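Colleague: Sharing a structure here in structure tokens format.
2 protein chains.
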Amino acid sequence: MKIQFDEKRLLAGVTGKANGVTTSEYEQALPKALTALASFREKSEKGLYGFPHLPFQKDMIDAIQQYVDSVPFEYDTVCLVGIGGSALGAWALDCGIRGPHPVQGAVTPEHPRLVILDNIDPSFTAAALASMDARKTLALVIAKSGATAETVSTFLIVRDWLEQALGAEASNRIAAVTTEGKYTEGKNKGKYKSPLAELAANEGYKTFGVPENVGGRFSVLSPVGLLPAALIGIDIVALTRGAAEMTHRSWLPDLKENVALRAALWQWLIWKKKPIQVAFPYSNHLWGTAFWFRQLWAESLGKVRQDGGKTENVGQTPVAALGATDQHSQVQLYIEGPNDKVFTFWKVEEFGAPDTIPARTFGLESVDYLVDQTLTKLIDAEQRATAAALSMNGRPHCTVTLDRLDEEHLGAFLQMMEFQTAFIGEMLDIDAFNQPGVEQGKLFTYGLMGRPGFERYKQEIEDLELKWAAAE
Amino acid sequence: MKIQFDEKRLLAGVTGKANGVTTSEYEQALPKALTALASFREKSEKGLYGFPHLPFQKDMIDAIQQYVDSVPFEYDTVCLVGIGGSALGAWALDCGIRGPHPVQGAVTPEHPRLVILDNIDPSFTAAALASMDARKTLALVIAKSGATAETVSTFLIVRDWLEQALGAEASNRIAAVTTEGKYTEGKNKGKYKSPLAELAANEGYKTFGVPENVGGRFSVLSPVGLLPAALIGIDIVALTRGAAEMTHRSWLPDLKENVALRAALWQWLIWKKKPIQVAFPYSNHLWGTAFWFRQLWAESLGKVRQDGGKTENVGQTPVAALGATDQHSQVQLYIEGPNDKVFTFWKVEEFGAPDTIPARTFGLESVDYLVDQTLTKLIDAEQRATAAALSMNGRPHCTVTLDRLDEEHLGAFLQMMEFQTAFIGEMLDIDAFNQPGVEQGKLFTYGLMGRPGFERYKQEIEDLELKWAAAE
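So the protein lines, in turn, are chains A and B. Just so you know, we're using our numbering here: the first sequence kicks off at 1 and counts up by one. Just so you know, we're using our numbering here: the second sequence kicks off at 1001 and counts up by one.
Written as structure tokens, this is what we have:
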């Protein structure tokens, strides 16, 4: 497993002082990175954060593999009902290893399709149901809290759809991933913390737990990501092996070895100068990972920081761009627009696919120079050309290079990104693991949907809407 | 056809002066909008820009429909080879009318699948070929210039793949969309302007022309978008009818009727305050359109402006976010992160799909309040809740609402976005129709790929890379 981080093009010597970082700034900041490492390690060892431990949980991995090996019916579709962190990890794995839709090929029991229902759009949901055969579908419902309105609603529809086709047998076609624990004290003592866990117990669904110290966007290597991955044939042992190796490297104080910490430090140094972070994979297989990263970066690092009575809005806006495709869509802006972005290229060294352009010529100058060359050479040339054009225009960028894209490398890469995020959270002095900013919206939604106890939020939003409608 | 624009929540009375626009600022700026309208109309009538004329070209629409009706073989897949503006319009139409992958359902000659090869990733290309049956594939190669390296390379592979399976018959399975004209003077007199047109003539492909005054990102209603759309069963007559109606409205000086101009003026007013534009559809079907828009906005409006000797980098970075899904991924940042964004919600009023959550209860408070309600109500509540949370935090947003998502509305919406972009280009005093910023990268790519005549760019990039590798 080989993953490299190259920071050269972030240097002020390339982009100029206003848009880059000097090596001496980097060296001065090193102690801050090492403090972040020590501080995060201490919290992690105390059990505050669980993601560094996930790749080592052999029992969890075995339990998933055992369930997958013993599914007593034939399925050609895994229907995942979940949203945000309960869906994006599975998409990253499916797209990363099996490739993007719509080119995954025929849906068969040997190559089951993963259908992710991560929205409540009625047309999308209806089309998804129409595209699946209930008798050949295994449904997963994934929600850590077990009460997410979107997930519960969609699941009730999917559950009913299975029941219509299969009757009582439907319960055997459903697995739930949620918080498994019960309250040990207070008025709810003995009750499940997650309503989904209670529903699963009542209905007899197979259940897998989400550790309480693992939040959605850090949960790809828990059953949240591993269960759907294993069910569609991804090697979760290799995936977690790569992640375990990256975990070992991420605790080392040597920043040559510890790519996650080195990347975090460089990203932190350029952070103040560039409010937009462009994740720029040159690989269609990494497109799902770019959307997974987009959540990780936005939700972890977009925070209100209270700094001695002063309130500050912290955050860098992540943007997903796909190379070479978005050279024909976004690069005009990246070169000529405001210099407000840092770019992180994600490169794959070996694609491992036939890639030769046929050797026949056509007597056309602008065609014939390409023949008998390879797509691998072309995509590499496109990336180098784009990177050079960015540097010439003072636009800072760095590169993460994966030797190839298999389970081991993808597992390591995802874990590297999680460590990087945690380290930057420490350096920014924010809590990278909460999401207080979405609470208000949830309360309004509950109010509008008539959830008992939330009536006043319906009143509140309706009053506000009236007031705003009269504004000038 | 009904499309509305609601600017209320951009108002300073909602978000505060620093983050909003006052009605008096709007009224003061009205003459600027009317000048932009007159100026763009004049250029358009002179023939400088072609997109406003496209919906009225009955001959073009008829020729496409006639070809589609007379394809002499059965196909279940349309394989589109193209990149950027040659691919994004087709994706917007496919996703908008037929729905997003992977839930489009079975691939049959009645419901052919559109596979868009818009990248040169070797794994992606190989997987795409493996997923298609050459005997049931109709290939489209789309490139206005006819020399785009990515498109030519991929096309040579697809062409060979068809030839391997079908021999000389392959040529009948290919259609090209490119500039059809020939040079009328100079040393190239009598030669095709587009090498792809020449190749098509030599090989006997059916060809459709791209008008020379229509650039890629404004070409969705030319054969670039209409041909693939018609081939997969989209009603291009209804599509262009909707676009024609929007075109009529877009020339009116009354900003109550002219939603494109009104939206342009409000977006222009908030532009200076907010460097990021979030396109926020609450509809999976509009996800392709969000990526089409992302090119339109970035490439048209991300420009170097020369202002009396002063060089200015103009542009607003477009971001695509999907509601309700991205409430669980991006909204934490949108609420608590830097107040550097304006949000444009895209709403669909009627989804026209079954959406009732089954009426059975489960004895669980956090589940039962949802039963017997509809997904339409829930997605609307989610959008209102998110919008309200944004307003409470001083984050400006506006809303475009489509009554429903059919060909007529989608055609109108795409045309509205193109007019809006052209109008803002006028108001910003930039050329919204060129893309000079991507030339340097193309030259470097040609150099690295050994295209004759471009040798010095290979030398140049290699020298630069060496220099940068030694930077500090």
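In this text, a Cβ means the ideal position worked out from N, Cα and C, and glycines have one as well. Only a predicted model underlies this, so the values are computations on that prediction, with no experimental measurement involved.
Relative to chain B, which residues along the segment 159 to 181 of chain A have a C-beta separation below 7 Å, given in chain order?
Modeller: Asp160
Colleague: Tell me the DSSP secondary structure of A/Phe155 in three-state form.
Modeller: helix
Colleague: Would you say A/Leu364 touches the ligand FAD, meaning its beta carbon is less than 6 Å from a heavy atom?
Modeller: Among the components of this structure there are no ligands whatsoever, and the ligand FAD is therefore not found.
Colleague: Using C-beta distances below 7 Å, list every residue in its chain close to A/Glu350, excluding the 5 sequence neighbours before and after it, in chain order.
Modeller: Take A/Glu350, set aside five residues on each side of it, and the residues of its chain with a beta-carbon closer than 7 Å to its own are Asp403, Arg404, in chain order.
Colleague: Which residues in the same chain as A/Ala243 place their Cβ atom closer than 8 Å to its Cβ, once the five residues preceding and following it in sequence are excluded?
Modeller: Leu54, Pro55, Leu221, Gly411, Ala412, Leu414, Gln415
Colleague: State the Cα-Cα distance for the pair B/Asp1006 and B/Ala1092, rounded to the nearest angstrom.
Modeller: 23 Å
Colleague: So with Cβ pairs under 7 Å, would you call B/Tyr1205 a contact of chain A?
Modeller: no
Colleague: My output table needs one value for A/His409: the three-state DSSP class, helix, strand or coil.
Modeller: helix
Colleague: Determine the direct distance from the alpha carbon of A/Asp121 to that of B/Asn1284, and round the result to whole angstroms.
Modeller: 7 Å
Colleague: So with CB distances below 9 Å, who are the chain B contacts of A/Met392?
Modeller: Gln1440, Leu1464
Colleague: Looking at C-alpha atoms only, which residue of B/Thr1325, B/Val1177, B/Ala1388, B/Asp1062 is the closest neighbour of A/Asp463?
Modeller: Nearest C-alpha to A/Asp463 among B/Thr1325, B/Val1177, B/Ala1388, B/Asp1062: B/Ala1388.
Colleague: In whole angstroms, what is the alpha-carbon distance linking A/Val237 and A/Glu408?
Modeller: 9 Å
Colleague: Please classify B/Pro1281: does DSSP put it in a helix, a strand, or coil?
Modeller: strand
Colleague: Nearest to B/Gly1204 by alpha carbon, out of B/Arg1217, B/Ala1175, B/Arg1009, B/Leu1156?
Modeller: B/Ala1175
Colleague: Going by beta carbon distance, what residues of the same chain come within less than 6 Å of B/Asn1188, once the five residues before and after it are set aside?
Modeller: none
Colleague: Under 9 Å between beta-carbons, which chain A residues line up against B/Arg1113? List them in chain order, please.
Modeller: Correct list: Pro102.
Colleague: Tell me whether A/Gln66 is buried or exposed, calling it buried when 16 or more other Cβ atoms sit within 10 Å of its Cβ.
Modeller: exposed
Colleague: Would A/Gly425 pass as a contact of A/Thr289 if the rule is Cβ separation under 7 Å?
Modeller: no
Colleague: Is A/Glu349 helix, strand or coil by DSSP?
Modeller: strand
Colleague: Judging by CA-CA distance, which residue of B/Leu1034, B/Asp1062, B/Phe1444, B/Gly1453 is the nearest neighbour of B/Lys1223?
Modeller: Sequence inspection shows Pro at residue 1223 of chain B; the Lys mentioned does not correspond to that position. Checked all of B/Leu1034, B/Asp1062, B/Phe1444, B/Gly1453; the closest Cα to B/Pro1223 is B/Asp1062.
Colleague: Keeping to the same chain, check which residues put their C-beta closer than 6 Å to that of A/Gly209; ignore five residues upstream and five downstream.
Modeller: The beta carbon of A/Gly209 sits closer than 6 Å to those of Glu180, all from its chain and outside the five residues before and after it, given in chain order.
Colleague: Give me the Cα-Cα distance between A/Glu460 and B/Leu1048, rounded to the nearest whole angstrom.
Modeller: 52 Å
Colleague: With a cut-off of 7 Å, does the C-beta of B/Tyr1559 fall near any C-beta of chain A?
Modeller: Absent from the model: residue 1559 of chain B. The displayed extent of chain B is 1001 to 1472, so no value can be given.
Colleague: Just reading off the beta strand (DSSP E) that A/Phe73 is part of, what are its end residues?
Modeller: Careful: A/Phe73 lies outside any beta strand (DSSP E) and carries neither H nor E.
Colleague: In terms of alpha-carbon separation, which member of B/Thr1178, B/Leu1034, B/Phe1291 lies closest to B/Leu1088?
Modeller: B/Phe1291
Colleague: For chain A, find out if any of its Cβ atoms is closer than 7 Å to the Cβ of B/Gln1415; answer yes or no.
Modeller: It does not; no Cβ of chain A falls within 7 Å.
Colleague: Note down, in chain order, all residues in the segment 1010 to 1032 of chain B with a beta-carbon under 7 Å from any beta-carbon belonging to chain A.
Modeller: Leu1011, Gly1013, Val1014, Thr1022, Thr1023
Colleague: Ignoring anything shorter than 3 residues or poking outside the segment 1241 to 1284 of chain B, list the beta strand (DSSP E) runs there in chain order.
Modeller: 1276 to 1281
Colleague: Could you check whether the segment 125 to 134 of chain A touches the segment 142 to 152 of chain A, counting it as contact only if at least three pairs of C-beta atoms, one from each stretch, sit closer than 8 Å?
Modeller: Counting C-beta pairs with one atom in each stretch, the segment 125 to 134 of chain A and the segment 142 to 152 of chain A have fewer than three that are closer than 8 Å, which means they do not touch.
Colleague: Give the residues from the segment 1190 to 1221 of chain B that approach chain A closer than 9 Å (Cβ to any Cβ), ordered along the chain.
Modeller: Pro1195, Leu1196, Glu1198, Leu1199, Asn1202, Glu1203, Gly1216, Arg1217
Colleague: Helix or strand or just coil, what does DSSP make of A/Leu226?
Modeller: helix
Colleague: Does the beta-carbon distance from B/Val1078 to B/Pro1228 come in below 7 Å?
Modeller: yes
Colleague: DSSP beta-bridge partners for B/His1397?
Modeller: DSSP, once it has assigned bridges, lists B/Phe1343 as partnering B/His1397.
Colleague: Measure from the alpha carbon of A/Gly225 to the alpha carbon of each residue in A/Thr178, A/Val367, A/Ala263, A/Pro195, then state which is nearest.
Modeller: A/Thr178
Colleague: List, in chain order, every chain A residue whose beta-carbon is nearer than 8 Å to that of B/Val1331.
Modeller: Gly437, Val438, Gly441
Colleague: Which first and last residues belong to the alpha helix (DSSP H) in which B/Gln1295 is found?
Modeller: Its alpha helix (DSSP H) spans residues 1287 to 1301.
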